[in-house]
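Presented below is the structure to which this report refers.
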Amino acid sequence: MGSPVFFRDTRLGRWGQPFTLWKFKTMRDERDSFGQFLSDRERLTPIGRLLRSTSLDELPQFWNVLRGDMSMVGPRPLLPQYLPLYSDEQKRRHDVFPGITGWAQVNGRNALTWTRKFELDVWYVDHWNLLLDLRILFMTAKCVVLRTGISHGDEATMPFFLGETNSSVMCDAADSPDASSVSAK
190 MGSPVFFRDT
200 RLGRWGQPFT
210 LWKFKTMRDE
220 RDSFGQFLSD
230 RERLTPIGRL
240 LRSTSLDELP
250 QFWNVLRGDM
260 SMVGPRPLLP
270 QYLPLYSDEQ
280 KRRHDVFPGI
290 TGWAQVNGRN
300 ALTWTRKFEL
310 DVWYVDHWNL
320 LLDLRILFMT
330 AKCVVLRTGI
340 SHGDEATMPF
350 FLGETNSSVM
360 CDAADSPDAS
370 SVSAK
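Residue numbers for the sequence shown follow the working numbering, beginning at 190 and rising by one.
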């Protein structure tokens, strides 16, 4: 994949504050004749696919946890350009530290729609407690072993969030369990 080994990107943390997120690099930097990046599917390497399917690409985020940018559990940190597209309710996901794993990740991950992810993130904010975090960590281990919800349909990665009115891409119902029926108790 070439150097550097790490991928760094600006993401939003608690209260919407930007920080540098660390991951292992999983894609090549290949561009078309116009200088635009090729699709994620074309740039994803075989080793990158393995790292993503096992979630090993996320390991460098332990550095973010040690630095105090992230927590082990919380809503996944997203791109800064999404912030103006959030509804007021969706912005509440920034009331807690972002996490390496979260309620949306153990209830469908990238197989979910953006709308459903945000609903689960806000549910987590409203119901946070230590037992819930421990449950999410346990459920994360199961999801990693089973490699569930890694991609969104035929996409290599999650499509860009375009705002509430444009985020109606639906996922296969078999890939998105109804987390509202799952109790944190």
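Backbone N, C-alpha and C fix where the C-beta goes; we use that ideal spot for every residue, glycine too.
Item checked: Minimum C-alpha distance to Arg265 - residue among Asp277, Ser276, Asp284, Pro273 -> Along the sequence shown, read from residue 1 onward, the residue named residue 265 stands at position 76. Answer by Cα proximity: Asp284.
Notebook entry, point to check: Given that a residue counts as buried once 16 or more other Cβ atoms are within 10 Å of its Cβ, and exposed if not, what is Glu247?
Noted result: Your numbering for residue 247 matches position 58 in the sequence shown. Classification for Glu247: buried.
Item checked: Beta-bridge partners of Lys212, as assigned by DSSP -> Translated into the one-based positions of the sequence shown, residue 212 becomes position 23. DSSP, once it has assigned bridges, lists Phe196 as partnering Lys212.
Next item on the list: Give me the Cα-Cα distance between Thr234 and Gln279, rounded to the nearest whole angstrom.
Entry: Here residue 234 is taken as the residue at index 45 of the sequence shown, counted from 1. Here residue 279 is taken as the residue at index 90 of the sequence shown, counted from 1. Taking the straight line joining both Cα atoms gives about 33 Å.
Checklist line | Distance between beta carbons of Gly263 and Phe286, contact taken as under 8 Å | finding: Start at 1 with the first residue of the sequence shown, and residue 286 comes out as number 97. Start at 1 with the first residue of the sequence shown, and residue 263 comes out as number 74. The Cβ separation is near 5 Å, so the contact holds.
Margin query: I need the straight-line Cα distance from Arg200 to Leu268, nearest angstrom please.
Written below: Working through the sequence shown from its first residue, we reach residue 200 at position 11. Working through the sequence shown from its first residue, we reach residue 268 at position 79. If you take the alpha carbons of Arg200 and Leu268, they lie about 5 Å apart.
Item checked: 3 or more residues per run - each beta strand (DSSP E) lying fully within the stretch 242-306 -> 260-262, 288-290
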